[in-house]
Each structure stands twice: as C-alpha cells, then as structure tokens.
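Working notes, beginning with the structure itself.
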Amino acid sequence: MPVSSAVVRRVALANAVANGLIVVTGGAVRLTGSGLGCPTWPECTDGSITPTPELAGHGLIEFGNRLLTFALAVIAIATVVVVWRSARRELRRWAVGSFLGIPAQALLGGVTVLTGLNPWTVAAHFLVSMVLVAVATTLWLRSREPGVGQLLVRRPIALLVTGIAVAVGAVQVFGTVVTGSGPHSGDPAAGRTGFDPELVSQLHADVVFLLIGLTVALLVALYATDSPGRVRRAARDLLVVELAQGVIGYVQYFTGLPIVLVLLHMAGAVLITAFTARLLWAVRGPRTEADVEPPAEAFATTR
Numbered sequence: 363m364p365v366s367s368a369v370v371r372r373v374a375l376a377n378a379v380a381n382g383l384i385v386v387t388g389g390a391v392r393l394t395g396s397g398l399g400c401p402t403w404p405e406c407t408d409g410s411i412t413p414t415p416e417l418a419g420h421g422l423i424e425f426g427n428r429l430l431t432f433a434l435a436v437i438a439i440a441t442v443v444v445v446w447r448s449a450r451r452e453l454r455r456w457a458v459g460s461f462l463g464i465p466a467q468a469l470l471g472g473v474t475v476l477t478g479l480n481p482w483t484v485a486a487h488f489l490v491s492m493v494l495v496a497v498a499t500t501l502w503l504r505s506r507e508p509g510v511g512q513l514l515v516r517r518p519i520a521l522l523v524t525g526i527a528v529a530v531g532a533v534q535v536f537g538t539v540v541t542g543s544g545p546h547s548g549d550p551a552a553g554r555t556g557f558d559p560e561l562v563s564q565l566h567a568d569v570v571f572l573l574i575g576l577t578v579a580l581l582v583a584l585y586a587t588d589s590p591g592r593v594r595r596a597a598r599d600l601l602v603v604e605l606a607q608g609v610i611g612y613v614q615y616f617t618g619l620p621i622v623l624v625l626l627h628m629a630g631a632v633l634i635t636a637f638t639a640r641l642l643w644a645v646r647g648p649r650t651e652a653d654v655e656p657p658a659e660a661f662a663t664t665r
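Count along the sequence shown from 1, add 362, and you get the number used in my numbering.
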C-alpha cells in the first residue's frame, strides 16, 4: 500500500526533531565530563558493550547517548521506508542522505573516542551533525508541499540568502574552535587546540556580527521589494534566533561558561541551522501546474 503524504510529513518531522535532540544530548555528555565514560569503541570497555560499575555515572551517560544513536537510526530507516513507499520520488535523496549520515557519524564518534577526544575530531563530529539537522529539516519542509517551484525573490536577494547560509556555516566552524579552546573538553585528559580562547571568541563574535548584519540587510531588501510573506517570516524568525543566541553567547562568556548556558547555546546552534534551512526552502514556492506543464510555445516550436 502506498504511504500518504501526511504519514511522510509526520515521520520526516520526527526525524528532524531526533537529529536536533541528539546534538543536545551529545553536548550534555561533553559538559558533564563524560566524553570518555566509555573509553573505547565500538565496545564501551574492552570485553564489555555496556559500562562497568567502575565507570560510574560517566559511563552511563556516554552509553546512554550511544543508545540514542540507535533510536535515531530506527527513525531514519523509517523515514527512508515511508518516503520510498510514497509518491514523492524527489524526496528520496534527502531521506537517504539523512540515513547515511548516521553510520558516518557513528564512525566519526568512534574515532573521536579512540583519539581521546581530539578537539578537531570533536569539532568535525558536531559540524556533521549540523549538516544532518539541515538535511532533515529540508526533508520535512519539502514534504509539506507538492514539490519545489519557482524562485519567489529577485536573484540578488537569493544570492544574499546563500551568503547568509555560508555565514552560518562560518559561525558554526568558529564556534567549534572556541569550544575546542575552552574548558569544557569532555574529559580532564582531553587535549585542547592551543589557541587563545579570548582571541578565537572575538573572531567568533565578529562573524556573528556579520551574520546578523546580513540578515538585517535581507529583511530590509525583502520589505523594500514586497517579497512574499513566507520569505519575510523565515528571515525574521532567523534574526530572532540569532539575536537570542548572541545574548546567550555573551552571557555565558562573561559568567564563566556555566553548563546550563553552554547547553542552551548548543540548542541555539541547532535552531539557527534549522531556521537557515527554512530560509533556503522559503525562497522557492511550491510546485504548481505551470511548473510541470511545458508552455504552449514549446508545442508550437516542435510542430
């Protein structure tokens, strides 16, 4: 039996939420110093898949996060199945991409553990998660409409939206460098990048200012050109999330990086990624009959 569009939408939404939640739980592992709660991989300890009593709470936290990866894999597999059984063939590559990212993340997570939480592999682990959040969000948003239609904004505005997406990527990259240079390493024995935390924090803040400036410029351009409401709302909501994330970032920096605020900052990174994906989606409208039917002139030319 073919799967309905409503089922595809619900499963795709669950997939997007799960991809975001596992980033936050992974942050909790690092912030509680449980990054090496299971000191090896794929087993938790040599000869044991589950944590031993000697590993105490840190082992349980790390092992619990590993179990969540299996739950995410189940949801991703379900997403592939329902998309494949639906009429939405154009969604298949997004569903497959979302699923394939999970084993890739698991392998990268294993490398991260085996290298003693090397800050660069930790950074790569987080950045791949952000890509998966963007893919899962795009899949869900596209499942809500019959297909991708025409560009709704002028070409320069579309290029500005692309520039904002690039700036978001740069913010995320600099954010991982700040994390790799700061105190929350995930384990007392984990290495650091060696960069000056104050310097990389300033560079990170500078890129954030650039991102906010680009988003404000986009909003001005959208209202000046009377662009569709869906694009304006997407840009407005992204700006709100950026400003809230900036406030959290400054407060956590000047209060000594308390765990709760750092975790909120990680959740904010997930939201910024999701809302950026929404903005990229919003600049194109849903597919209509005009998008799939060739114009009358084409028939005249082929006679």
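We put the beta carbon where it would ideally sit given N, CA and C, even for glycine.
Residues near A438 by beta carbon distance below 7 Å, same chain, minus five either side: Residue numbering aside, residue 438 sits at position 76 when the sequence shown is read from its first letter. For A438, where only same-chain residues beyond five positions count, the Cβ hits under 7 Å are N377, S460, F461, I464.
Have a look at R516 and T555 and give me their C-alpha separation to the nearest angstrom. As a working note, residue 516 is residue 154 in the sequence shown. As a working note, residue 555 is residue 193 in the sequence shown. For R516 and T555, the distance between alpha carbons rounds to 43 Å.
If you follow the beta strand (DSSP E) that R646 is part of, which residue opens it and which one closes it? As a working note, residue 646 is residue 284 in the sequence shown. Taken as a continuous stretch (DSSP letters only), the beta strand (DSSP E) holding R646 covers 646–648.
So, at 8 Å on beta carbons, what are the nonlocal neighbours of P550 in its own chain, with the 5 sequence-adjacent residues on each side left out? Here residue 550 is taken as the residue at index 188 of the sequence shown, counted from 1. G395, listed in sequence order.
Which value, in whole angstroms, describes the spacing of the CA atoms of A529 and R506? The residue given as residue 529 occupies position 167 in the sequence shown. The residue given as residue 506 occupies position 144 in the sequence shown. Note on geometry: alpha-carbon atoms of A529 and R506 lie some 27 Å from one another.
Compare the beta carbon distance of L625 and G419 with 8 Å and say whether it is the shorter of the two. Taking the first residue of the sequence shown as 1, we reach residue 625 at position 263. Taking the first residue of the sequence shown as 1, we reach residue 419 at position 57. No, Cβ-Cβ distance for L625 and G419 is not below 8 Å.
Could you give the uninterrupted runs of the alpha helix (DSSP H) lying entirely in the region 412–469, keeping only those of 4 residues or more? 418–446
Given this structure, state the Cα-to-Cα distance separating A457 from W403, to the nearest angstrom. Position 95 of the sequence shown, counting from 1, holds the residue named residue 457. Position 41 of the sequence shown, counting from 1, holds the residue named residue 403. If you take the alpha carbons of A457 and W403, they lie about 27 Å apart.
Sufficient close CB pairs (3 or more, under 8 Å) joining the region 368–387 to the region 434–453: yes
Within 10 Å of its beta-carbon, does G575 have 16 or more other beta-carbons around it, so buried, or fewer, so exposed? As a position in the sequence shown, residue 575 is number 213, starting the count at 1. Label assigned to G575: exposed.
Closest to N427 by C-alpha separation, out of T541, G618, G471, I526, would be which residue? Stepping through the sequence shown from its first residue, residue 427 is reached at position 65. Comparing Cα positions, the closest option is G471.
Within 8 Å, do at least three Cβ pairs link the region 553–570 to the region 490–506? No, they do not touch.
Using only CA atoms, which one of V582, P545, L453 lies nearest to G509? Position 147 of the sequence shown, counted from the first residue, corresponds to residue 509. Nearest of V582, P545, L453 to G509, Cα basis: L453.
Which residues in the same chain as Q467 place their Cβ atom closer than 6 Å to its Cβ, once the five residues preceding and following it in sequence are excluded? Taking the sequence shown and counting its residues from 1, the one referred to as residue 467 is at position 105. These residues qualify, in order along the chain: V490.
By the DSSP assignment, the beta strand (DSSP E) with L513 in it spans what residues? One-based indexing of the sequence shown puts residue 513 at position 151. Going by DSSP, L513 is part of the beta strand (DSSP E) stretching over 510–513.
For L700, which residues in the same chain have their Cβ closer than 8 Å to its Cβ, ignoring the five residues on either side in sequence? Because residue 700 is not part of the residues shown, which for the chain are 363 to 665, the question remains open.
In the DSSP assignment, find the unbroken alpha helix (DSSP H) run with P481 in it and report its ends. Position 119 of the sequence shown, counting from 1, holds the residue named residue 481. Looking at the DSSP string, the run of the alpha helix (DSSP H) that includes P481 is 481–505.
Whole angstroms are fine: how far does the CA of G409 sit from the CA of T577? By one-based count along the sequence shown, residue 577 stands at place 215. By one-based count along the sequence shown, residue 409 stands at place 47. Computed Cα separation, rounded: 52 Å.
Let me confirm a value: L633 is counted as buried when at least 16 other C-beta atoms fall within 10 Å, else exposed. Which label applies? The count along the sequence shown starts at 1 and reaches residue 633 at position 271. Classification for L633: buried.
Span separating the alpha-carbon of E424 from that of T538: Translated into the one-based positions of the sequence shown, residue 424 becomes position 62. Translated into the one-based positions of the sequence shown, residue 538 becomes position 176. C-alpha separation (whole angstroms): 20 Å.
Where does L479 land, buried or exposed, given buried means 16+ other C-beta within 10 angstroms? Position 117 of the sequence shown, counted from the first residue, corresponds to residue 479. Answer is buried; the Cβ neighbour count reaches 16.
Extent of the continuous alpha helix (DSSP H) to which P559 belongs: Within the sequence shown, numbered from 1, the residue matching residue 559 stands at position 197. First-last of the alpha helix (DSSP H) with P559: 559–586.
Cβ shell of I610 (< 8 Å), same chain only, five flanking positions each side left out: Taking the sequence shown and counting its residues from 1, one reaches residue 610 at position 248. These residues qualify, in order along the chain: L623, L626, H627, G630.
Quick one, are the C-beta atoms of V562 and F536 less than 8 Å apart? Translated into positions along the sequence shown, residue 562 becomes position 200. Translated into positions along the sequence shown, residue 536 becomes position 174. Contact flag set, yes.
Residue range of the alpha helix (DSSP H) that includes T613: Position 251 of the sequence shown, counting from 1, holds the residue named residue 613. Inspection of the sequence shows that residue 613 is occupied by Val rather than by Thr. Taken as a continuous stretch (DSSP letters only), the alpha helix (DSSP H) holding V613 covers 591–616.
In angstroms with no decimal places, state the Cα-to-Cα distance between L398 and T499. Here the question's residue 398 lines up with position 36 in the sequence shown. Here the question's residue 499 lines up with position 137 in the sequence shown. When rounded, the distance between both Cα atoms is 30 Å.
Considering only the alpha carbon of each residue, which of D588, L600, A485 lies closest to G553? Taking the first residue of the sequence shown as position 1, residue 553 is located at position 191. The shortest CA-to-CA distance from G553 to any of D588, L600, A485 is the one to A485.
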